[in-house]
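As structure tokens, the structure follows; a few thoughts come after it.
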Amino acid sequence: MSKTALLILSEGAEEMEAVISADVLRRAGMKVTIAGLQDSNPIKCSRDVVIVPDLKVMFVKSLLQSQEKNGRLIAAICAAPIALKSHSIGTGKQITSHPCKQADLSTGEYKYIETRVAIDENLITSRGPGTAFEFALAIVKHFFGKEKATSLVGPMLVNAEIE
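If you use UniProt numbering, the sequence shown corresponds to residues 1 to 163, in order.
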């Protein structure tokens, strides 16, 4: 059975984070579905790049709760960890985010750490556009192992160490 990922985007999403994540996961062999949060219309990203989602996703809270309950991976980058907080996902775990969201996530529900990628069991979070490759490679490592993640680094000319 092939691995699948659902990439949920909202208006104003950071295009580098979305495209890099989808691309790296697809290079690893994952089936990536891009979903619009509001609807399935094209999504205008933060720098005016437009991404056409494959479908619309509803019931984000129940989807995230199901993922967490079943021990499945949940990953969020940049400001997206705020959505995890609003749905009480991953409480008590280590988390990181874009620095502008640190105060919102340092209120006791999480163990906030200032690192490029935070991995705590089935929760992976990251800081922002400059950490998107490391974030995506951490997801690849989670599903396929270090060897697979490392094999993607060279062809993409990425300067990233897989821990």
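Ideal Cβ placement from N, Cα and C applies to all residues, glycine included.
On a predicted model such as this, the values are computed, not experimentally measured, just so you know.
Classify residue i: buried if its beta carbon has 16 or more other beta carbons within 10 angstroms, exposed otherwise.
i, result
"Ile124", "buried"
"Thr131", "buried"
"Gly128", "buried"
"Lys101", "buried"
"Glu14", "buried"
"Glu17", "buried"
"Val57", "buried"
"Leu9", "buried"
Between the Cα of residue i and those of the options, spot the shortest distance and give me the residue it belongs to.
i, options, result
"Val117", "Val60, Asp54 and Glu161", "Glu161"
"Ser106", "Lys85, Ala5, Glu121 and Glu134", "Lys85"
"Glu134", "Ala149, Gly145, Glu121 and Ser66", "Ala149"
"Asp54", "Glu147, Ser40, Thr4 and Ala13", "Ser40"
"Ile47", "Val153, Val19 and Glu121", "In the sequence as displayed, the identity of residue 47 is Arg instead of Ile. When each option's Cα is compared against that of Arg47, the closest is Val19."
"Phe59", "Met16, Ala80, Leu37 and Val49", "Leu37"
"His98", "Glu109, Glu15 and Ala80", "Ala80"
"Ser151", "Ile8, Gly29 and Val50", "Gly29"
"Lys3", "Val153, His142 and Asn159", "His142"
"Lys61", "Lys44, Ala83, Gly12 and Ile43", "Ala83"
Which residues bound the alpha helix (DSSP H) around residue i?
i, result
"Ser21", "Glu15 to Arg27"
Alpha carbon to alpha carbon, how far is residue j from residue i? Give it in angstroms, no decimals.
i, j, result
"Pro155", "Lys146", "16 Å"
"Glu68", "Gly90", "8 Å"
"residue 175", "Gly92", "Absent from the model: residue 175. The displayed extent of the chain is 1 to 163, so no value can be given."
"Ile113", "Asp104", "13 Å"
"Val32", "Phe144", "15 Å"
Would you kindly report the start and end of the unbroken beta strand (DSSP E) that includes residue i?
i, result
"Gly36", "Lys31 to Gly36"
Contact the stretch 70-78 vs the stretch 132-148: 3+ CB pairs below 8 Å: Yes, they touch.
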